[in-house]
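Below: one structure, written as structure tokens.
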Amino acid sequence: MTTVQAATPEGAPADPIDVLSPFVEVGLFGSYELQLARTVRRLQPDVSDTALLALAVAARAPRFGHVCSMLDLATLEQADFTDDGSPAPPLPWPTADEWAAALDTSAIVATPATATIEPVRPLVWDAGRLYLQRYWHYELAVAEDIHRRSAGGSASGADTADDSNGPASAVLDVLFGPDAVDRPDLQRRAVLRGLRGGVSIIAGGPGTGKTHTVARLLAAASLVAEAQGFDLQVALAAPTGKAAARMGEAVTSEVQALSEAGLIDPALAQVLTSTTPTTVHSLLGWRDRTHFQHDRQRPLPHDLVVVDETSMVALPLMARLLDAVKPDARLVLVGDPFQLASIEAGTVMSDLVGPSGTSGEPDDGGEDDGAGSPRRVLAGRVTVLRHMRRFGEDSAIAALAGAIRVGDVEEALALLTRGSTEVNWVDPEGASALDRVKSEVVAAGVDMVSAARAGAPDRALAAANRVKVLAATRRGPLGVNDWTAMLEAEVSASVPGFSPGRRWHVGRPVMVTANDPINGVFNGDVGVVVARGASMEVALGSSGDVRTLAPSRLDRVETWWAMTIHKSQGSEFDHAVVSLPQAGSPILTRELLYTAVTRARERLTVVGGEESLRAAILRPVARASGLEARLWPSQPSP
């Protein structure tokens with residue numbers, strides 16, 4: 143390492159801005175890292191340059207979704223590390239020996255054995271991973287809580303034993319039918335695991351039956367509790383208001399189907415549908431950024447807590463949730479480990495699913511690993527639903543999603559070029575093909591504006607949701623802003639009198655950008671401004687389930703001609719147009735493309751060059767986290 147020495151008066155400590163200046167110049171570190179380094183040097187004047195550099199690296203990591211930092215030279219040099227995602231030029235990184243020497247002796251670095259000893263040090267160096275102190279505590283707290291909740295249950299043998307007698311067996315036979323020994327029903331197995339104590343995981347992509355399974359879990363848990371003579375208190379939650387609302391709609395539909403089929407009585411159906419899902423923050427009693435009403439001293443009263451869209455839950459929030467769920471409650475975490483992770487730090491769902499998510503076996507997490515390792519506590523508690531029931535057996539969309547999920551770029555490209563009516567691939571360099579796609583999107587926009595001007599909110603919302611552009615980026619060619627400008631211009635040219643110049647105008651599609659409990663709208667809700675006599679109102683919801691608000695009551699909205707793929711999580715569209723940037727964009731990842739593709743219900747159009755597709759499919763998200771290693775160690779415990 144060529145250490146950067148600061149020129150300072152003799153005897154005075156170097157200013158971190160000098161120590162870190164080569165990294166600041168390329169955009170690697172910003173004001174937050176510099177202010178933290180200055181504060182630490184002021185409190186600890188003899189801290190080494192290398193230790194301060196490590197502090198800056200660790201402080202930057204959570205801003206980009208990492209829980210910790212891996213300090214090996216290859217990782218640092220190969221990462222797309224600057225704020226704009228471009229590769230950083232050669233920088234004076236320490237060697238592995240220099241990192242180790244500085245971190246092993248620094249007064250600002252703790253080991254796991256000393257991390258809780260006062261005074262607390264800002265960094266923790268644990269198994270080759272460098273953490274900010276609080277993120278190390280979050281990760282350790284989550285791992286230890288999962289261990290505690292799993293310790294009381296058994297793994298492989300418990301499924302058969304629990305399902306062979308007692309009220310659970312009879313209830314499951316009613317809800318699913320008898321289980322087949324040669325081909326077990328994974329949804330039934332997931333419900334059984336949810337009925338056991340502790341924690342269980344239900345994982346799967348869109349259309350694999352997660353909500354179908356959750357509805358039957360709620361019914362089964364209520365029936366078993368009734369047979370055992372106690373009232374079951376249930377909480378349903380999701381990380382966002384929009385996700386919570388979707389969870390409520392989906393569970394209500396499934397429960398009503400159970401009632402109509404005669405599998406549960408109407409009274410139970412009414413009880414189950416009266417449980418309104420809420421956000422995780424609301425469930426915990428959010429007070430401010432770091433404080434909640436419920437914690438270990440004031441736990442939630444619920445006996446069963448089900449959390450949907452767990453992939454969107456960041457590590458700090460998961461730590462708070464686990465802290466608040468009472469020790470004897472059942473906790474069921476539901477989500478898709480293959481889609482985009484939370485915006486904040488962590489890959490909690492992926493870490494919980496562990497090897498079950500990457501194996502080709504239908505349910506490899508369901509049996510003990512055979513090593514007798516007590517640390518692999520989630521073995522027997524993870525159920526991965528892989529069969530996409532939303533699509534037909536020969537669905538090109540399902541096949542493409544599967545190829546992307548496992549990183550099979552050649553199979554994905556073959557499916558895109560096969561000429562299916564479901565899947566269409568458009569090279570943006572091919573003007574005529576791209577124009578045809580734009581024409582279809584514009585036609586939907588024209589229908590939406592025409593319906594909005596006619597005061598028909600159902601038709602306007604149906605047209606707005608019929609085909610939707612999902613762009614990887616906001617700016618740049620084929621980004622959200624590019625599509626929005628094109629669509630507004632083309633629709634204006636096609637609909638006389640339509641003028642999108644004013645903020646509120648009839649025909650404007652909108653997306654809510656912040657939760658607003660007073661008005662009952664949530665971040666991600668969508669709508670269309672429609673005419674109402676001489677005035678206007680915002681129609682929100684979907685066709686057949688519409689409510690309206692005055693525009694003056696909505697102050698946090700953006701125009702919704704197109705949306706980012708990140709914002710599309712949890713949404714579905716009859717025809718999804720996925721718009722990708724050039725291959726050099728660091729935002730292109732496997733999870734991003736998988737999330738976009740699985741938003742399509744009936745038709746999918748991918749707009750992007752071959753190199754962009756290859757780059758996305760071959761680049762999985764690489765977030766640094768130690769949680770999976772704590773839950774699924776590669777070697778058995780001694």
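All residue numbers for the sequence shown refer to my numbering, where the first residue is 143 and numbers rise by one. For every residue, glycine included, the Cβ atom is placed at its ideal position computed from N, Cα and C.
Where the alpha helix (DSSP H) containing residue i begins and where it ends
{"i": "I546", "result": "A538 to R547"}
{"i": "F165", "result": "S163 to E167"}
{"i": "A483", "result": "No alpha helix (DSSP H) holds A483; DSSP gives it neither H nor E."}
{"i": "W241", "result": "A238 to T247"}
{"i": "S694", "result": "Neither: S694 is in no alpha helix (DSSP H) and is coded neither H nor E."}
{"i": "A387", "result": "G383 to E402"}
{"i": "S292", "result": "Q275 to A293"}
{"i": "R518", "result": "Run containing R518: none; DSSP gives neither H nor E here."}
{"i": "L425", "result": "V422 to L426"}
Nearest to residue i (by Cα), restricted to the options the options
{"i": "A363", "options": "A255, G683 and L473", "result": "L473"}
{"i": "E814", "options": "R689, F640, L520 and L542", "result": "For the chain, the structure presents residues 143 to 780; residue 814 sits outside this window and is missing."}
{"i": "V525", "options": "G172, T353 and Q329", "result": "Residue identity check: residue 525 is Thr in the sequence provided, not Val. Per the Cα distances, Q329."}
{"i": "G488", "options": "A575, P204, Q186 and V166", "result": "P204"}
{"i": "G750", "options": "A692, P619, W428 and A681", "result": "P619"}
{"i": "A257", "options": "R698, S727 and Q275", "result": "Q275"}
{"i": "F480", "options": "A538, G346 and A369", "result": "G346"}
{"i": "H279", "options": "L459, R601, R689 and V680", "result": "L459"}
{"i": "I343", "options": "D321, I288, V313 and L374", "result": "I288"}
{"i": "V166", "options": "K352, S311, T181 and L233", "result": "L233"}
{"i": "A613", "options": "L735, V584 and D188", "result": "L735"}
{"i": "R335", "options": "G544, P264, N665 and S311", "result": "S311"}
{"i": "V591", "options": "A635, D536 and R650", "result": "R650"}
{"i": "Q711", "options": "M454, E632 and S721", "result": "M454"}
{"i": "L730", "options": "S754, V720, T237 and G597", "result": "S754"}
{"i": "A461", "options": "A255, S248, E281 and V663", "result": "E281"}
{"i": "L609", "options": "D624, G621, A593 and V584", "result": "Looking at the sequence provided, one finds Val at residue 609 rather than Leu. For the residues D624, G621, A593 and V584, the minimum Cα distance to V609 belongs to V584."}
{"i": "T353", "options": "L463, W235 and S395", "result": "S395"}
Presumed contact (8 Å Cβ cut-off) between residue i and residue j, rounded CB distance
{"i": "L162", "j": "A201", "result": "Actually they are not in contact, since the Cβ atoms of L162 and A201 sit about 11 Å apart, beyond 8 Å."}
{"i": "P348", "j": "A380", "result": "Incorrect: roughly 15 Å between the Cβ atoms, too far for contact."}
{"i": "A803", "j": "L426", "result": "The first residue shown for the chain is 143 and the last is 780, placing residue 803 beyond what the model contains."}
{"i": "T415", "j": "A386", "result": "So it is not a contact: roughly 14 Å between Cβ atoms."}
{"i": "A409", "j": "V397", "result": "A409 to V397, Cβ: 12 Å. No contact."}
{"i": "R90", "j": "I759", "result": "This structure cannot settle anything about residue 90, because the visible part of the chain is limited to 143 through 780."}
{"i": "W703", "j": "T655", "result": "Actually they are not in contact, since the Cβ atoms of W703 and T655 sit about 15 Å apart, beyond 8 Å."}
{"i": "P693", "j": "V680", "result": "6 Å"}
{"i": "L773", "j": "G340", "result": "Going by Cβ atoms, the distance from L773 to G340 rounds to 13 Å, so no, they are not a contact pair."}
{"i": "S721", "j": "V611", "result": "6 Å"}
{"i": "V699", "j": "A673", "result": "Wrong, their Cβ atoms sit about 18 Å apart, outside the cutoff."}
Simplified DSSP state of residue i, which is helix, strand or coil
{"i": "A764", "result": "coil"}
{"i": "E258", "result": "Rather than Glu, the amino acid found at residue 258 in this sequence is Thr. Coil, per DSSP."}
{"i": "R645", "result": "coil"}
{"i": "H529", "result": "coil"}
{"i": "G639", "result": "coil"}
{"i": "A596", "result": "coil"}
{"i": "W235", "result": "coil"}
{"i": "D667", "result": "coil"}
{"i": "D437", "result": "coil"}
{"i": "G371", "result": "coil"}
{"i": "G587", "result": "helix"}
{"i": "S492", "result": "helix"}
{"i": "G507", "result": "Note that G507 has pLDDT 45, beneath the 50 cutoff, so the model's placement of it is unreliable and no number is given."}
{"i": "S342", "result": "strand"}
{"i": "S298", "result": "Confidence is the limiting factor: at S298 the pLDDT is only 33, short of 50, which leaves the residue's position unreliable, though a coordinate-based value still follows. S298: helix per DSSP, three-state reduction."}
{"i": "R578", "result": "helix"}
{"i": "G336", "result": "helix"}
{"i": "V551", "result": "helix"}
{"i": "A456", "result": "coil"}
{"i": "T731", "result": "coil"}
Start and end residues, beta strand (DSSP E) containing residue i
{"i": "N657", "result": "Premise fails: N657 is in no beta strand (DSSP E) and is neither H nor E."}
{"i": "E700", "result": "V699 to T701"}
{"i": "M628", "result": "Premise fails: M628 lies in the alpha helix (DSSP H), V622 to S636, not in any beta strand (DSSP E)."}
{"i": "T747", "result": "A742 to V749"}
{"i": "V611", "result": "V609 to A613"}
{"i": "T706", "result": "A704 to T706"}
{"i": "H717", "result": "F715 to S721"}
{"i": "D111", "result": "No statement about residue 111 is possible, as the shown extent of the chain runs from 143 to 780 and does not include it."}
{"i": "L473", "result": "R472 to G477"}
Next item on the list: Report yes or no: do three or more beta-carbon pairs, one from the segment 436-448 and one from the segment 396-406, lie closer than 8 Å?
Entry: Touching, no, given that fewer than three Cβ pairs across the two stretches are closer than 8 Å.
Note to self: For the structure I just gave you, are there three or more beta carbon pairs, one from the segment 548-566 and one from the segment 664-673, closer than 8 Å?
What the structure shows: Between the segment 548-566 and the segment 664-673, the count of C-beta pairs closer than 8 Å stays below three; the two stretches do not touch.
Check: Just checking, does the segment 711-725 make contact with the segment 740-748 on the three C-beta pairs under 8 Å criterion?
Finding: Three or more Cβ pairs drawn from the segment 711-725 and the segment 740-748 lie within less than 8 Å of each other, which places the two stretches in contact.
Next item on the list: Check whether the segment 753-772 touches the segment 262-276, taking contact to mean three or more Cβ pairs, one atom from each stretch, closer than 8 Å.
Entry: Using a Cβ-Cβ distance cut-off of 8 Å, the segment 753-772 and the segment 262-276 are in contact, since at least three pairs of beta carbons, one from each stretch, lie closer than that value.
Check: Is the segment 564-576 touching the segment 637-651, taking contact as three or more C-beta pairs under 8 Å?
Finding: In short, these stretches do not touch, since the Cβ pair count stays below three.
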